[in-house]
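Single-structure report; data block below.
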Amino acid sequence: MGKDKLRRFRENLTFPCFIQPAFEEAFGRDHPLKGHWHRDFFRNDRPIVLELGCGKGEYTVALAERDPQRNFIGIDIKGARMWRGAKTVTERCMANAGFLRTRIEFIESFFAPGEVAEIWITFPDPQLKTRRAKKRLTSPLFLGRYARLLAPDGLIRLKTDSQHLYAYTREVIRHFSLPCHAACDDIYGSGFADEVLSVKTAYERQFLERGLPITYTSFSLGGRTDFPPFDWEGDLAEEKDGEAARRQ
Numbered sequence: 013m014g015k016d017k018l019r020r021f022r023e024n025l026t027f028p029c030f031i032q033p034a035f036e037e038a039f040g041r042d043h044p045l046k047g048h049w050h051r052d053f054f055r056n057d058r059p060i061v062l063e064l065g066c067g068k069g070e071y072t073v074a075l076a077e078r079d080p081q082r083n084f085i086g087i088d089i090k091g092a093r094m095w096r097g098a099k100t101v102t103e104r105c106m107a108n109a110g111f112l113r114t115r116i117e118f119i120e121s122f123f124a125p126g127e128v129a130e131i132w133i134t135f136p137d138p139q140l141k142t143r144r145a146k147k148r149l150t151s152p153l154f155l156g157r158y159a160r161l162l163a164p165d166g167l168i169r170l171k172t173d174s175q176h177l178y179a180y181t182r183e184v185i186r187h188f189s190l191p192c193h194a195a196c197d198d199i200y201g202s203g204f205a206d207e208v209l210s211v212k213t214a215y216e217r218q219f220l221e222r223g224l225p226i227t228y229t230s231f232s233l234g235g236r237t238d239f240p241p242f243d244w245e246g247d248l249a250e251e252k253d254g255e256a257a258r259r260q
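In the working numbering, the protein residues as written are 13 to 260.
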């Protein structure tokens with residue numbers, strides 16, 4: 013491991029906005045902050061918004077700056093990347109933003125039912141292989157997890173360059189008859205991108221330089237809590253191979 017990564021890992025531990033639980037604090041048990049983020053971390057009762065797979069935290073920071081009336085938490089497992097966002101939040105003395113280093117699979121260990129108002133998923137791994145479809149962050153498996161922590165009218169927002177993940181998510185929404193609030197397969201080419209959607213992550217800039225359109229989907233769960241797995245006919249090898257080649 014490089015010295016710079018080690019330095020960032022050490023510095024992360026000095027940031028008040030950065031939570032890094034040990035594995036045993038999250039695996040199969042509730043973390044002390046579960047149900048108490050308002051009281052013990054933000055010290056206010058404003059809505060909580062999560063960014064899953066936050067990377068360097070560009071969206072978490074940008075959203076928190078634009079909306080001081082809500083609290084934002086960036087979640088990722090890669091601490092060296094998260095360091096950038098946590099350092100920015102610390103330097104700017106932002107009281108409505110924080111970072112949680114953990115696996116997204118453990119999310120239920122950290123948030124109580126109804127504790128989260130909204131979820132952003134920004135440029136996740138599209139998991140193109142069919143056998144890994146359940147690991148897609150909009151798969152039935154993850155929707156079930158979100159249902160156990162989102163407020164009844166909570167939104168899920170997906171921003172991705174992957175046309176395959178975009179189409180898959182649209183099918184998930186259709187399959188479960190979920191309320192879809194927005195869907196656009198090219199937010200910049202169509203003029204759909206507003207001030208918030210125009211925030212660009214490091215990954216997004218790379219994709220735009222390659223000429224890849226950026227998609228956006230916004231939906232809610234409509235009070236549904238049960239999401240049985242299903243097979244999607246769109247998971248065709250040739251289609252996914254083509255996208256994999258474009259993303260390289």
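Note that CB positions come from ideal geometry on N, CA and C, so glycine has one too.
Inter-residue CB distance, residue i and residue j (contact presumed, cutoff 8 Å)
{"i": "residue 194", "j": "residue 228", "result": "6 Å"}
{"i": "residue 128", "j": "residue 163", "result": "7 Å"}
{"i": "residue 67", "j": "residue 88", "result": "6 Å"}
{"i": "residue 108", "j": "residue 54", "result": "7 Å"}
{"i": "residue 211", "j": "residue 76", "result": "Between residue 76 and residue 211 the Cβ distance is about 11 Å, and since that is not below 8 Å, they are no contact."}
Residue j beta carbon less than 8 Å from that of residue i
{"i": "residue 213", "j": "residue 102", "result": "no"}
{"i": "residue 196", "j": "residue 204", "result": "yes"}
{"i": "residue 94", "j": "residue 69", "result": "yes"}
{"i": "residue 155", "j": "residue 233", "result": "yes"}
{"i": "residue 114", "j": "residue 33", "result": "yes"}
{"i": "residue 184", "j": "residue 78", "result": "no"}
{"i": "residue 177", "j": "residue 148", "result": "yes"}
{"i": "residue 91", "j": "residue 21", "result": "yes"}
Between the CA atoms of residue j and residue i - distance to the nearest angstrom
{"i": "residue 30", "j": "residue 139", "result": "28 Å"}
{"i": "residue 160", "j": "residue 104", "result": "33 Å"}
{"i": "residue 168", "j": "residue 150", "result": "9 Å"}
{"i": "residue 41", "j": "residue 173", "result": "35 Å"}
{"i": "residue 224", "j": "residue 51", "result": "42 Å"}
{"i": "residue 246", "j": "residue 217", "result": "27 Å"}
{"i": "residue 145", "j": "residue 136", "result": "13 Å"}
{"i": "residue 126", "j": "residue 220", "result": "36 Å"}
{"i": "residue 130", "j": "residue 61", "result": "5 Å"}
Backbone secondary structure at residue i - three-state DSSP
{"i": "residue 31", "result": "strand"}
{"i": "residue 88", "result": "strand"}
{"i": "residue 262", "result": "In the structure as shown, the chain begins at 13 and stops at 260. Residue 262 is therefore absent and cannot be evaluated."}
{"i": "residue 100", "result": "helix"}
{"i": "residue 217", "result": "helix"}
{"i": "residue 129", "result": "strand"}
{"i": "residue 210", "result": "coil"}
{"i": "residue 60", "result": "strand"}
{"i": "residue 114", "result": "coil"}
{"i": "residue 232", "result": "strand"}
{"i": "residue 83", "result": "strand"}
Segment limits, beta strand (DSSP E) that includes residue i
{"i": "residue 171", "result": "162-172"}
{"i": "residue 184", "result": "Taken as a continuous stretch (DSSP letters only), residue 184 belongs to no beta strand (DSSP E), being part of the alpha helix (DSSP H) at 175-187."}
{"i": "residue 194", "result": "192-196"}
Interface flag, residue i vs chain B, CB-CB below 8 Å
{"i": "residue 235", "result": "Among the protein chains of the structure shown there is no chain B, as only one such chain exists."}
Boundaries of the alpha helix (DSSP H) in which residue i is found, first to last residue
{"i": "residue 158", "result": "152-159"}
{"i": "residue 74", "result": "70-78"}
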